[in-house]
Amino acid sequence: MSSESSASKTNGQPAGSADAKTLQTMESVVIRFCGDSGDGMQLAGTQFTNVSAVFGNDVSTLPDFPAEIRAPAGSLFGVSGFQVCFSSGEVFTPGDEVNTLVAMNPAALKTNLEDLQRGGTLIVNEDAFDKGNLQKAHYDSNPLDDVDGNLAAFRVHKVPMTRLTRDSVEGLGLTVREADRCKNFFALGLVFWLYDRDSTPTEDWVKEKFAKHPSIVEANLRALKAGYNYGFSTEQFTVHYEVPSAELEPGRYRKITGNEAVAMGLAAAAKLAEVELFYGGYPITPASDILHELSKLKRFGIKTFQAEDEIAAITSVVGAAFGGALAVTASSGPGIALKGEGIGLGVITELPMIIVNVQRGGPSTGLPTKTEQSDLFLSYFGRNGDCPMPVIAARSPADCFQMAQEAVRIAVEFMTPVFLMTDGYIANGAEPWKIPAISDLRKVKISHPQESNGNGDGFLPYLRDKNLVRPWAVPGTPGLEHRLGGLEKADGSGNVSYDPDNHDNMTRIRAQKIMNIAETIPEQEVEGPESGDLLVVSWGGTYGAVKSACMESRRQGKSVAHCHLQYIHPFPKNLGTILKNYKKVLIPELNAGQMWMILRGLYLVDAVSFSKVKGKPFLIGELCAKIDEVLES
């Protein structure tokens with residue numbers, strides 16, 4: 017995921033002097049910071065991403081958190097990582113192979129070294145490679161003493177970060193522990209120098225973040241500068257690099273994560289619709305940040321409620337929807353399972369609600385901090401009875417903004433709960449987002465009836481329009497008194513009914529109403545040839561890797577097209593025709609083949625499943641290899 021040009025610059029000074037170091041230009045670079053969860057690797061990676069975004073690079077990130085809340089320091093399962101790809105061109109993934117790996121301790125080195133490309137740059141904090149940390153990482157000997165063996169394939173830079181950081185903050189009155197917490201800024205400063213980054217945005221952030229603690233501000237800034245100066249002055253580094261800015265579409269950009277984009281998309285939809293947004297949720301990884309972000313937006317008429325459990329969260333959302341609010345909840349697999357009955361209540365009462373499913377590894381508690389796509393069956397089928405719901409899926413962090421608004425539109429226009437699918441990769445990952453003009457946003461129209469529709473027989477809450485959509489009456493409206501509940505409704509009146517023919521009729525009406533949504537969504541598009549040897553079908557967060565692999569295959573002259581699904585139930589009307597236009601169909605998924613089973617069942621297409629269930633996203637290389645395998649079979 018990197019390429020290096022032949023361009024390089026020196027100032028003609030003698031080799032070995034600080035000013036003579038070569039500056040080489042690269043198109044794209046992948047960096048990974050890794051260390052203990054207390055080493056501040058997420059902060060370092062986020063700041064490097066911010067600086068690169070400000071510079072004008074296209075960026076894509078992959079944070080990797082340990083599942084344990086308090087994993088023992090130095091342990092293999094306590095390693096935290098942050099990968100960022102930044103480029104002068106367009107990027108769609110955080111990259112396959114890592115160009116520069118920053119490892120803060122032996123455990124970080126052991127768990128991440130295999131991802132570093134041959135010839136890549138390895139920067140290690142040699143002070144952390146003591147006997148205790150080596151034992152925790154299950155090393156029999158110090159790997160840094162074997163640079164001609166296992167590390168011979170890499171450019172190894174052993175840096176005494178702990179000692180140099182302590183030296184840089186000397187005199188500020190910090191404890192040893194406080195001084196050591198600045199190591200991440202030393203590492204960040206060193207990488208800033210290595211890739212010719214301007215540290216000003218990070219310096220400004222430090223001053224604002226720790227404004228009430230001047231000594232902390234000074235310590236972090238000193239450590240940052242010390243790392244930068246170390247790279248500049250040491251003879252270890254004879255080359256550093258620059259990645260020119262990308263030619264992005266003109267506009268105002270900001271870095272955004274998937275969870276941030278979901279929150280902003282929901283807030284924007286509610287504001288444009290001039291309706292109150294209610295969010296009822298319960299904290300769960302990796303969906304909690306949606307609650308955090310929405311809670312910051314109270315000034316826009318948004319109410320957030322942290323319930324005591326998932327069941328209380330979903331029933332509060334049902335109540336808010338009944339009261340006329342735009343009602344939203346979010347969770348991950350275990351929480352969605354607990355919400356199942358409440359979601360079914362939303363389906364039978366036909367109330368507009370948005371349920372965001374930020375998927376993670378399962379089943380049960382599974383892999384809380386790792387990504388997966390294995391909740392498709394849960395969202396598609398996971399309620400008792402015949403209980404159909406629309407399901408849509410975002411494809412990238414920035415795309416979450418648009419798809420959140422689309423979820424609102426479908427929910428309101430068709431009076432139904434809607435599933436918006438994301439995953440841990442999208443939710444925590446980040447990319448540049450072009451901030452849209454308000455005039456370009458589609459306004460969702462919300463109308464509540466003010467007059468009875470029963471022609472003298474009172475209000476009929478299940479009297480339907482041409483799309484089989486019932487009216488959304490707000491309680492307390494004179495003359496529109498009605499009741500809703502979980503028991504089957506009589507068609508039209510909404511009275512409780514046990515009549516078998518009525519139940520059959522209502523079940524089919526609810527299903528057909530959802531299928532009518534297909535008339536309001538765009539037809540499916542395909543990138544590449546309109547017919548040919550192979551169609552690769554993807555959905556959700558696999559978009560970037562699959563797109564890149566298909567582009568690479570076409571560059572090699574292969575007949576490979578890419579079809580990415582965002583509308584999953586119902587599918588676009590032309591999907592069946594598209595699937596039949598190709599000799600073979602490949603469906604890569606981060607699950608055991610759930611979309612593969614659905615498409616085979618609905619369209620009778622003899623597709624090939626490519627499953628990966630490791631808590632990690634697809635690599636472009638492994639997809640390219642699978643494409644070649646299918647083409648040759």
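Residues 17 to 649 in my numbering are what the sequence shown lists, from first letter to last. We put the beta carbon where it would ideally sit given N, CA and C, even for glycine. Only a predicted model underlies this, so the values are computations on that prediction, with no experimental measurement involved.
Nearest-angstrom Cα distance between residue i and residue j?
i: P448; j: P404; result: 35 Å
i: N115; j: V46; result: 5 Å
i: L188; j: R179; result: 15 Å
i: Y298; j: F393; result: 22 Å
i: R458; j: A341; result: 19 Å
i: L581; j: P588; result: 9 Å
i: K386; j: G631; result: 5 Å
i: D473; j: L503; result: 22 Å
i: F208; j: Q418; result: 33 Å
i: M611; j: E605; result: 8 Å
i: S468; j: W488; result: 12 Å
i: P633; j: G111; result: 10 Å
i: T65; j: E292; result: 34 Å
i: H308; j: E568; result: 39 Å
i: V118; j: C50; result: 6 Å
i: K642; j: F626; result: 8 Å
i: V629; j: V70; result: 35 Å
i: V434; j: V344; result: 10 Å
i: K147; j: S231; result: 32 Å
i: K355; j: N400; result: 12 Å
i: G61; j: C198; result: 14 Å
i: S33; j: P176; result: Its pLDDT being 45, under 50, S33 is placed unreliably by the model, and the measurement read from it follows with that caveat. Those two C-alpha atoms are separated by around 21 Å.
i: P217; j: V67; result: 6 Å
Note the first and the last residue of the continuous alpha helix (DSSP H) segment covering residue i.
i: C198; result: Where C198 is concerned, there is no enclosing alpha helix (DSSP H), given that its DSSP letter is neither H nor E.
i: P604; result: Counting along the chain, P604 falls outside any alpha helix (DSSP H), though it belongs to the beta strand (DSSP E) covering 598 to 605.
i: V552; result: That residue, V552, is in no alpha helix (DSSP H); its beta strand (DSSP E) goes 548 to 555.
i: A337; result: 326 to 338
i: D183; result: 177 to 184
i: I594; result: 591 to 595
i: P516; result: 516 to 531
i: F108; result: Looking at the DSSP string, F108 is not in any alpha helix (DSSP H), and its letter there is neither H nor E.
i: D644; result: 636 to 648
i: S68; result: 57 to 71
i: S569; result: 559 to 571
i: G617; result: 610 to 619
Would you mind stating whether residue i and residue j have Cβ atoms separated by less than 9 Å?
i: I300; j: P350; result: yes
i: L204; j: Q40; result: no
i: M369; j: V333; result: yes
i: F652; j: R171; result: The shown model of the chain, from 17 to 649, leaves out residue 652, and the question about it has no answer.
i: V562; j: L647; result: no
i: G557; j: A410; result: yes
i: S390; j: N149; result: no
i: C579; j: V624; result: no
i: H154; j: L78; result: no
i: D507; j: M531; result: no
i: S347; j: A279; result: no
i: V107; j: G560; result: yes
i: N444; j: G281; result: no
i: G398; j: I426; result: no
i: A239; j: T181; result: yes
i: F201; j: K37; result: no
i: L500; j: F338; result: yes
i: S184; j: K223; result: no
Tell me where the beta strand (DSSP E) around residue i begins and ends.
i: I583; result: Just to set this straight, residue 583 is Tyr in the shown sequence, not Ile. From DSSP, the beta strand (DSSP E) with Y583 extends over 583 to 585.
i: T116; result: 114 to 119
i: F49; result: 38 to 52
i: T273; result: 269 to 273
i: G315; result: According to the sequence provided, residue 315 is Arg. The question's Gly does not apply to it. It is not in any beta strand (DSSP E) - R315 carries neither H nor E in the DSSP assignment.
i: V140; result: 132 to 141
Does the beta carbon of residue i fall short of 8 Å from some heavy atom of the ligand FAD?
i: M611; result: With respect to the ligand FAD, the structure offers nothing, as it holds no ligand at all.
| field | Any 3 or more C-beta pairs closer than 8 Å across the stretch 547 to 558 and the stretch 585 to 604 | value | These segments touch.
| Segments of 4+ residues assigned as alpha helix (DSSP H) that fall wholly inside the stretch 432 to 477 | DSSP runs (the alpha helix (DSSP H)) wholly in the stretch 432 to 477: 440 to 444.
| Start-end ranges of the alpha helix (DSSP H) lying completely within the stretch 377 to 437, minimum 4 residues | The alpha helix (DSSP H) runs lying completely inside the stretch 377 to 437 and spanning 4 residues or more are 392 to 397, 415 to 430, given in chain order.
| Using 8 Å as the threshold, is the stretch 463 to 473 in touch with the stretch 489 to 498, meaning 3 or more CB pairs across them? | The stretch 463 to 473, when compared against the stretch 489 to 498, does touch it at the 8 Å Cβ threshold.
| message | I'd like to know if the stretch 425 to 443 and the stretch 371 to 388 are in contact, where contact means that at least 3 CB-CB pairs between them fall below 8 Å. | response | Yes, they touch.
| request: Check whether the stretch 88 to 105 touches the stretch 48 to 60, taking contact to mean three or more Cβ pairs, one atom from each stretch, closer than 8 Å. | output: With a cut-off of 8 Å, the stretch 48 to 60 and the stretch 88 to 105 count as touching, because enough Cβ pairs lie within range.
| request: For the stretch 213 to 267, list the beta strand (DSSP E) runs that are entirely contained and at least 3 residues long, ordered along the chain. | output: For secondary structure counted as the beta strand (DSSP E) over 3 or more consecutive residues, the stretch 213 to 267 holds these complete runs in sequence order: 255 to 258.
| request: Answer yes if the stretch 117 to 137 comes into contact with the stretch 158 to 172, meaning at least three C-beta pairs across the two stretches below 8 Å, and no otherwise. | output: With a cut-off of 8 Å, the stretch 117 to 137 and the stretch 158 to 172 count as touching, because enough Cβ pairs lie within range.
| Is it true that the stretch 246 to 264 meets the stretch 70 to 87, where meeting means three or more beta-carbon pairs spaced less than 8 Å apart? | With the cut-off at 8 Å, the stretch 246 to 264 and the stretch 70 to 87 touch.
| message | Is it the case that the stretch 354 to 365 contacts the stretch 322 to 337, given that we only count it when at least three CB pairs across the two stretches are under 8 Å? | response | Counting C-beta pairs closer than 8 Å gives three or more between the stretch 322 to 337 and the stretch 354 to 365, which meets the contact rule.
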